[in-house]
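*Asks:* Pasting a structure here, questions to come.
There are 2 protein chains.
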Amino acid sequence: MKLRYNELVLPLEFAFTISRSSQSVARTVYVELTSPDSAAVGLRGIGEAVPSAFYGEDSETVRHFYQQLLEDRALEGLAVHNLQNLEERLARYPDNRAAKSGLQMAFQDLCGKTVNLPLYKLWGLDSNRVPKTSYTIGIDDPKRVAQKIELALSRGFDVIKIKLGGANDLETMKIIRRMAPEARLRVDANAAWGVDEAVAKCEALKPYEVEFVEAPLRLDSPEEHYRRLKAASSIPLMADENCHGLGDIPRCAELFHAINLKHTKTGGLEEARRMIHAARAHDLKIMLGGFLETSISVTAMAHLAPLVDYCDLDACLLIANDPYLGLEFEGSRFKLPERPGIGVVPRTK
Amino acid sequence: MKLRYNELVLPLEFAFTISRSSQSVARTVYVELTSPDSAAVGLRGIGEAVPSAFYGEDSETVRHFYQQLLEDRALEGLAVHNLQNLEERLARYPDNRAAKSGLQMAFQDLCGKTVNLPLYKLWGLDSNRVPKTSYTIGIDDPKRVAQKIELALSRGFDVIKIKLGGANDLETMKIIRRMAPEARLRVDANAAWGVDEAVAKCEALKPYEVEFVEAPLRLDSPEEHYRRLKAASSIPLMADENCHGLGDIPRCAELFHAINLKHTKTGGLEEARRMIHAARAHDLKIMLGGFLETSISVTAMAHLAPLVDYCDLDACLLIANDPYLGLEFEGSRFKLPERPGIGVVPRTK
Chain A
89 MKLRYNELVL
99 PLEFAFTISR
109 SSQSVARTVY
119 VELTSPDSAA
129 VGLRGIGEAV
139 PSAFYGEDSE
149 TVRHFYQQLL
159 EDRALEGLAV
169 HNLQNLEERL
179 ARYPDNRAAK
189 SGLQMAFQDL
199 CGKTVNLPLY
209 KLWGLDSNRV
219 PKTSYTIGID
229 DPKRVAQKIE
239 LALSRGFDVI
249 KIKLGGANDL
259 ETMKIIRRMA
269 PEARLRVDAN
279 AAWGVDEAVA
289 KCEALKPYEV
299 EFVEAPLRLD
309 SPEEHYRRLK
319 AASSIPLMAD
329 ENCHGLGDIP
339 RCAELFHAIN
349 LKHTKTGGLE
359 EARRMIHAAR
369 AHDLKIMLGG
379 FLETSISVTA
389 MAHLAPLVDY
399 CDLDACLLIA
409 NDPYLGLEFE
419 GSRFKLPERP
429 GIGVVPRTK
Chain B
89 MKLRYNELVL
99 PLEFAFTISR
109 SSQSVARTVY
119 VELTSPDSAA
129 VGLRGIGEAV
139 PSAFYGEDSE
149 TVRHFYQQLL
159 EDRALEGLAV
169 HNLQNLEERL
179 ARYPDNRAAK
189 SGLQMAFQDL
199 CGKTVNLPLY
209 KLWGLDSNRV
219 PKTSYTIGID
229 DPKRVAQKIE
239 LALSRGFDVI
249 KIKLGGANDL
259 ETMKIIRRMA
269 PEARLRVDAN
279 AAWGVDEAVA
289 KCEALKPYEV
299 EFVEAPLRLD
309 SPEEHYRRLK
319 AASSIPLMAD
329 ENCHGLGDIP
339 RCAELFHAIN
349 LKHTKTGGLE
359 EARRMIHAAR
369 AHDLKIMLGG
379 FLETSISVTA
389 MAHLAPLVDY
399 CDLDACLLIA
409 NDPYLGLEFE
419 GSRFKLPERP
429 GIGVVPRTK
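Protein chains in written order, with the working numbering: chain A, 89 to 437; chain B, 89 to 437.
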């Protein structure tokens, strides 16, 4: 198979601030695969690698990884549909989960296009079962938070995810709940709190009726802190940075009520699917999330939405001008594309 | 979708005796699905329900279930590829796992035929990764066991599964190991033993170098017996009757080293696939098994073989004249068909 790639530079609509960082531009890598297979003639599989510095990747390491694959002829003789073989080839290289994920996305896009089916149909899923998606409000001063909420509500979002872990957590919650009394609210602390603060915050969040608190504890927290928080909190807790691959599921089931799956972590849609099934065996709730990315990556993940409980798939709405068209949003509701593969096409102005 | 079905009466090559029963004929139910969808015109999805009295089903209950579906118009408006919707419709009916499994098999066969791909390709699997299958030797007197082993070896089988739980367990093992010193041996006790006997048998089996012991304990054994046996046995233990659906996986991971998946138990290939992924999260080993069935059911299950460690897919070789052609065996090795869907066709004489 033939691999091409190039960097995408994506200015954000607003500077995006979470508990540990702030940024105004995102850089991802566009990937394209073609195959000499007769069934794939004239077709291009497209994907997007969404690296995060937090996991040791950026657009440069991704491009370096792809360059390495080219030099190693690592995709030579790879057959369309043999995803298991692709995973095996990629498993020979350590790390680089976002890069692997982008490549696998392009591969699966090509598979879907080869049989002229959108991914969700190829996977036997029911597009009528997609949950609503949340819209994300980054950490900001209360006045700016209020402006963003107004914008989100005017765009029809009735599920809102709020980044906490800043200085004004409860004031922020008060503003949002007042402005959006009917909205479903979720909280993401991005691993900002120690256990005492987390226990106190979960208690203080109770009146705001949040669906769950994501990544409440600092990453260096010992397991015992997770257990203490789980025992104390009446709000369900969701794992983010604690949940990367299939092997993490049993432990997450002990320490959390739910997990968040992202391309940046799983190394591919197929691993995400495996994790969904394993999570179900443990009655874990599941969310599909993303980072700062275009409609390619968001839409690819969305094809798994019929299998999950929550979606946090607004990433492509946080960038200022998404070059691609995939999911169609109507506020928090979205529709999976019926086009083959991921179903994403360049956006025409 | 349109559903048709009829009973298959399958005489066995040898009377099949396990610890709790003996039979000389098997009865399964052939299922056929057609869809008015334009992509499926002229195509027939075929499947086979393989009921077991042990799970409260027989060919009559299966046919009764299908009749009920027809009366309820339960498949009306079901779209090709919407497997999730089929599962949801079937979940409204309790029990009847074999019947549901046969129907889902026909549905997936139709999906594969619609896109002209064998199931393993539709699922992204690598046909080069199928493990060998075992050949099963039922309980019998030592002389007959020796004859069967001779037959198995002459047919090229070098992986053999021996049913124990009868009067001559160790004598049987002695004969088999002497006749087949190089063969990979597996033992299935079909839940025949109490914990003391099981501990003793596992100890006594050690010199015969068996890969695992399946279903060692009586089904009324308390959990504590399973824990005791797991702690005592140096031979890996495999769950059969303790492992039906996805929710059983975490507990099986505590009590066993491996699981056996069968249509008769899972209620469908898709549940089997989910169970495989959940089992991997727990480092459980996985075997694909069967009951007494034709190549339809065996071949359908075999498409999952690239994902597992062990295969026990000789069921269609135990019946006297399999009406269908699917897997091609060369002793313990088999090849997945390249025909679309399950890839089974009527056997021409």
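Even for Gly, the Cβ is constructed at its ideal location relative to N, Cα and C.
Being a predicted model, the structure only gives us computed values, none of them experimental.
For my contact list, B:I248 and B:A240 are in at a C-beta cut-off of 8 Å; report their separation, rounded to the angstrom.
*Replies:* Going by Cβ atoms, the distance from B:I248 to B:A240 rounds to 6 Å, so yes, they are a contact pair.
*Asks:* Which residue from B:V168, B:A179 and B:L252 puts its Cα closest to that of B:F153?
*Replies:* Ranking B:V168, B:A179 and B:L252 by Cα distance to B:F153 puts B:A179 first.
*Asks:* DSSP state of A:R82, grouped into three classes?
*Replies:* The structure shown does not extend to residue 82 of chain A, since chain A spans only 89 to 437, so no value can be given for it.
*Asks:* Which residue comes first and which comes last in the alpha helix (DSSP H) that contains A:N173?
*Replies:* L171 to A179 is the extent of the alpha helix (DSSP H) around A:N173.
*Asks:* Using alpha carbons as the reference points, say which of B:A288, B:Y296, B:E297 and B:P295 lies closest to B:P304.
*Replies:* Measuring from the Cα of B:P304, the nearest candidate turns out to be B:A288.
*Asks:* Are B:L325 and B:A366 touching if we call contact CB-CB under 8 Å?
*Replies:* Not in contact: B:L325 and B:A366 (Cβ atoms no closer than 8 Å).
*Asks:* Which same chain residues, not among the five before or five after B:F187, have their C-beta less than 6 Å away from its C-beta?
*Replies:* Residue identity check: residue 187 of chain B is Ala in the sequence provided, not Phe. Cβ neighbours of B:A187 beyond the five flanking positions: A137, V150 and F153.
*Asks:* On the three-pair Cβ rule with 8 Å, is the segment 269–287 of chain B touching the segment 314–325 of chain B?
*Replies:* Yes, the segment 269–287 of chain B touches the segment 314–325 of chain B.
*Asks:* When you compare the CB of B:R180 with every CB in chain A, is at least one pair closer than 8 Å?
*Replies:* Judged by the 8 Å Cβ criterion, B:R180 is not in contact with chain A.
*Asks:* Between A:I225, A:V117 and A:G133, which lies nearest to A:L405 when the distance is taken from Cα to Cα?
*Replies:* Among A:I225, A:V117 and A:G133, the Cα nearest to that of A:L405 belongs to A:I225.
*Asks:* With distances taken from CA atoms, which of B:R266, B:A114, B:E148 and B:M89 is nearest B:L380?
*Replies:* Looking at the Cα atoms, B:A114 is the closest of the given residues.
*Asks:* Just to make sure I have the definition right: I need the residues of chain A whose C-beta is within less than 7 Å of the C-beta of B:I347. Which are they?
*Replies:* The premise fails here: B:I347 is roughly 12 Å from chain A at the closest Cβ pair, so nothing lies under 7 Å.
*Asks:* To which residues of the same chain is B:F195 closer than 7 Å at the C-beta, ignoring the five residues directly before and after it?
*Replies:* Taken in chain order, the residues that qualify are L121, G133, L171 and L174.
*Asks:* Does the segment 389–398 of chain B come within contact of the segment 205–213 of chain B, defined as at least 3 CB pairs closer than 8 Å?
*Replies:* They touch, by the three-pair rule.
*Asks:* Would you call the segment 267–281 of chain A and the segment 101–119 of chain A in contact, with 3 or more CB pairs under 8 Å?
*Replies:* The answer is yes - the segment 101–119 of chain A touches the segment 267–281 of chain A, with three or more Cβ pairs under 8 Å.
*Asks:* Shortest alpha-carbon distance to B:H345 belongs to which of B:G355, B:R315 and B:L357?
*Replies:* The shortest C-alpha separation from B:H345 is found at B:R315.
*Asks:* Pull the bridge partners of A:Q196 from the DSSP assignment, please.
*Replies:* None, per the DSSP bridge assignment.
*Asks:* Please identify, using Cβ separations under 7 Å, the residues of the segment 312–340 of chain B that lie next to chain A, in order along the chain.
*Replies:* Those would be L334, G335, I337 and P338, in chain order.
*Asks:* Any chance you could list the alpha helix (DSSP H) runs of at least 4 consecutive residues sitting entirely within the segment 182–240 of chain A, in chain order?
*Replies:* You should have 185–202 and 207–210.
*Asks:* Should A:I364 and A:L395 be called a contact, given that it needs their Cβ atoms to be closer than 8 Å?
*Replies:* Yes.
*Asks:* Counting only runs that start and end within the segment 242–329 of chain A, where is the beta strand (DSSP E) found for 3 or more residues in a row?
*Replies:* Within the segment 242–329 of chain A, the complete beta strand (DSSP E) runs of at least 3 residues are 247–251, 272–276, 298–302 and 325–327.
*Asks:* Just curious, the beta strand (DSSP E) that B:F102 is in, first and last residue?
*Replies:* Per DSSP, B:F102 belongs to the beta strand (DSSP E) from K90 to I106.
*Asks:* How many Å lie between A:V443 and A:Y93 at the Cα?
*Replies:* Any property of residue 443 of chain A remains undetermined from this structure, which presents chain A solely from 89 to 437.
*Asks:* For B:A203, go through chain A and note every residue whose CB falls closer than 7 Å to its CB, in chain order.
*Replies:* For clarity, residue 203 of chain B is Val in the given sequence; the question names Ala instead. The answer, in chain order, is V203 and L205.
*Asks:* Go ahead and pull the three-state DSSP assignment for B:R115.
*Replies:* Correct three-state label for B:R115: strand.
*Asks:* Cβ of A:D402 within 8 Å of Cβ of A:Y181?
*Replies:* It is not a contact, given that the beta carbons lie outside the stated cut-off.
*Asks:* Roughly how many whole angstroms lie between the Cα atoms of B:A244 and B:S420?
*Replies:* According to the sequence displayed, residue 244 of chain B carries Gly and not Ala. Distance between the alpha carbons of B:G244 and B:S420 is about 7 Å.
*Asks:* Output yes if chain B places a C-beta closer than 8 Å to the C-beta of A:K294; else output no.
*Replies:* With 8 Å as the cut-off, A:K294 does not count as an interface residue toward chain B.
*Asks:* Compile a chain-ordered list of the residues in the segment 274–291 of chain A whose CB is closer than 8 Å to at least one CB of chain B.
*Replies:* Going along the segment 274–291 of chain A in chain order, one finds no residue with a Cβ nearer than 8 Å to chain B.
*Asks:* Please decide whether B:Q172 counts as near chain A, where near means a Cβ-Cβ distance under 8 Å.
*Replies:* So, interface residue.
*Asks:* What's the gap between the Cα of A:K251 and the Cα of A:T221?
*Replies:* Taking the straight line from one Cα to the other gives about 15 Å.
*Asks:* List the residues of chain A that B:A209 touches, going by C-beta distances under 8 Å, in chain order.
*Replies:* The identity of residue 209 of chain B in the sequence shown is Lys, whereas the question assumes Ala. Simply H169 and N170.
*Asks:* Looking only at its chain, what residues have a beta carbon closer than 8 Å to the beta carbon of B:T354, apart from the 5 residues adjacent to it on each side?
*Replies:* Cβ within range, chain order: R185, S189, H332, G333, A360 and M363.
*Asks:* Report yes if the CB atom of B:H370 is closer than 8 Å to the CB atom of B:A327, and no otherwise.
*Replies:* In this structure, B:A327 does not lie closer than 8 Å to B:H370 by Cβ.
*Asks:* Return the bridge partner residues of B:L399 from the DSSP annotation.
*Replies:* Per the sequence shown, the amino acid found at residue 399 of chain B is Cys instead of Leu. Its beta-bridge partners are B:T221 and B:L376.
*Asks:* The ligand MG and B:R115: does any heavy atom of the ligand fall closer than 7 Å to the residue's C-beta?
*Replies:* As for the ligand MG, it is missing from this structure, which has no ligand bound.
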